[in-house]
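So the sequence shown is numbered by the numbering used here: it starts at 8 and just counts up by one.
Comments concern the structure below.
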Amino acid sequence: SEWLLCFGKRMLSCQRKAVSMQRLKIILSRKSSSRFFSSQGEATKPLFNKILVANRGEIACRVFRSCKKLGIKSVAVYSEADADAVHTKMADEAVCIGPAASADSYLRTDRILEAIEQTGAEAVHPGYGFLSENSEFSNMLAERNIKFIGPGAFAINAMGDKIHSKKIASDAKVNTIPGYVGEINNEEELLKVANEIGYPVMIKASAGG
Numbered sequence: 008s009e010w011l012l013c014f015g016k017r018m019l020s021c022q023r024k025a026v027s028m029q030r031l032k033i034i035l036s037r038k039s040s041s042r043f044f045s046s047q048g049e050a051t052k053p054l055f056n057k058i059l060v061a062n063r064g065e066i067a068c069r070v071f072r073s074c075k076k077l078g079i080k081s082v083a084v085y086s087e088a089d090a091d092a093v094h095t096k097m098a099d100e101a102v103c104i105g106p107a108a109s110a111d112s113y114l115r116t117d118r119i120l121e122a123i124e125q126t127g128a129e130a131v132h133p134g135y136g137f138l139s140e141n142s143e144f145s146n147m148l149a150e151r152n153i154k155f156i157g158p159g160a161f162a163i164n165a166m167g168d169k170i171h172s173k174k175i176a177s178d179a180k181v182n183t184i185p186g187y188v189g190e191i192n193n194e195e196e197l198l199k200v201a202n203e204i205g206y207p208v209m210i211k212a213s214a215g216g
C-alpha cells in the first residue's frame, strides 16, 4: 500500500508538472501573438508598412512569406540575371539593381539605397551573406532613419573579427576555447604556437566563415 501511495503521489506530481508546462506554453503563445494582436484579438498595426530584402533566393522568399502573413508590403531587389527568379516574383515590388555579378548589384549599397528611396521602404532585411555583416551599410540606413533588421554596427564589428570577439568574451569572463589570440604571420610561428597549445589544433581565419 505504501508503494502504491508513493506511486500515486509521483503520478499526481507529473500530471501537475504537465499542466504547468501546458499553461506556460499558452502564456508564451499569448505573449508572442500580443505583438501583432490586441487583447480583444483584433489585429494591430504591423511594425513596418514596407520592408525591402537586400538579398535573393530562399532567404528572401522566407522573409516575403512572413511579410505576407503579417500584412507587410515587401520589396525585392534583383540583378539582371535574377529578373525571373522566384524571390523577384514573390515580392509586392521589385527593383533591378544591376548586372549579374554580385559586386555590381547585391553588394552595391548605393543602388540598394536608391531602391529604398524609390519604393519608400521603412526597413531593410539583409538576409545572410552579402550586406548582413556590413556595419557601414547599417550606419547608412540609420542616418536615413531606415531600420536595419539585424544587429547594430557595434555588434557587427565586435563579432566580425574572431580575435576581437574572443577578447571581448574573455573580458566579460565568458569561457572560451583555449588557444592563441593574435595574428600568425608565417609557418614557423604557426608551428611554435601549435606545439605550445598541444595537438590537435584548429586553424581558422580571423575574419570570414
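All residues carry an ideal CB built from backbone N, CA and C; glycine is no exception.
Here the structure is a predicted model, which means the values were calculated and not measured.
Measure the beta-carbon distance from residue i to residue j and round it to whole angstroms, keeping in mind my assumption that it falls under 8 Å.
i: Cys-68; j: Val-93; result: 6 Å
i: Asn-202; j: Glu-129; result: Wrong, their Cβ atoms sit about 55 Å apart, outside the cutoff.
i: Gly-189; j: Ile-170; result: 7 Å
i: Gly-127; j: Arg-118; result: The pair is not a contact, with the Cβ atoms about 16 Å apart (cut-off 8 Å).
i: Ile-66; j: Gly-134; result: 4 Å
i: Gly-186; j: Ile-163; result: About 23 Å separates the two Cβ atoms, so there is no contact after all.
i: Ala-88; j: Ala-107; result: 4 Å
Per the DSSP calculation, residue i is bridged to which residue(s)?
i: Val-84; result: Val-102
i: Asp-168; result: Ala-214
i: Lys-154; result: Ala-130
i: Ile-58; result: Ser-81 and Ala-130
I'd like the list of long-range same chain contacts for residue i, defined as Cβ closer than 7 Å, with 5 residues on each side in sequence excluded.
i: Leu-54; result: none
i: Gly-159; result: Ser-145
i: Asp-168; result: Ser-213 and Ala-214
i: Ser-40; result: Its pLDDT being 46, under 50, Ser-40 is placed unreliably in this model, and the coordinates cannot settle the point.
i: Ile-175; result: Ala-165
i: Ser-177; result: Thr-183
Identify, in the order they occur along the chain, each residue of the same chain with its Cβ nearer than 8 Å to the Cβ of residue i, setting aside the five sequence neighbours on each side.
i: Thr-116; result: Leu-138, Asn-141, Glu-143, Phe-144 and Met-147
i: Ala-101; result: Val-82, Ala-83, Val-84, Tyr-85 and Thr-95
i: Ala-90; result: Cys-103
i: Ile-191; result: Leu-197 and Val-200
i: Ile-114; result: At residue 114 the sequence reads Leu, which differs from the Ile that was named. Closer than 8 Å at the Cβ level, and outside the excluded window around Leu-114, lie Phe-137 and Leu-138.
Use the C-beta contact count for residue i: other C-beta atoms within 10 angstroms, 16 or more gives buried, fewer gives exposed.
i: Pro-207; result: exposed
i: Phe-161; result: exposed
i: Ser-45; result: Caution applies to Ser-45, whose pLDDT of 46 falls short of 50 and renders its modelled position unreliable; the value that the coordinates give is listed next. Flag for Ser-45 reads exposed.
i: Gly-157; result: buried
i: Glu-9; result: Here Glu-9 scores only 44 on pLDDT, less than 50, and its place in the model should not be relied on; the value that follows carries that caveat. Exposed, because fewer than 16 other Cβ atoms sit within 10 Å of the Cβ of Glu-9.
i: Lys-80; result: buried
i: Leu-11; result: Interpretation of Leu-11 is limited by its pLDDT of 42, a score under 50 that renders its predicted location unreliable; the figure taken from the coordinates is listed afterwards. Leu-11 is exposed by the Cβ-count criterion.
Taking 6 Å as the limit between beta carbons, can you name the residues of its chain near residue i, skipping five residues before and five after?
i: Met-166; result: Ser-172
Is the number of C-beta pairs between the segment 83 to 100 and the segment 58 to 66 that are closer than 8 Å three or more? Enough Cβ pairs lie closer than 8 Å, so yes.
Take every Cβ of the segment 120 to 134, pair it with every Cβ of the segment 147 to 164, and state whether three or more of those distances are shorter than 8 Å. The answer is yes - the segment 147 to 164 touches the segment 120 to 134, with three or more Cβ pairs under 8 Å.
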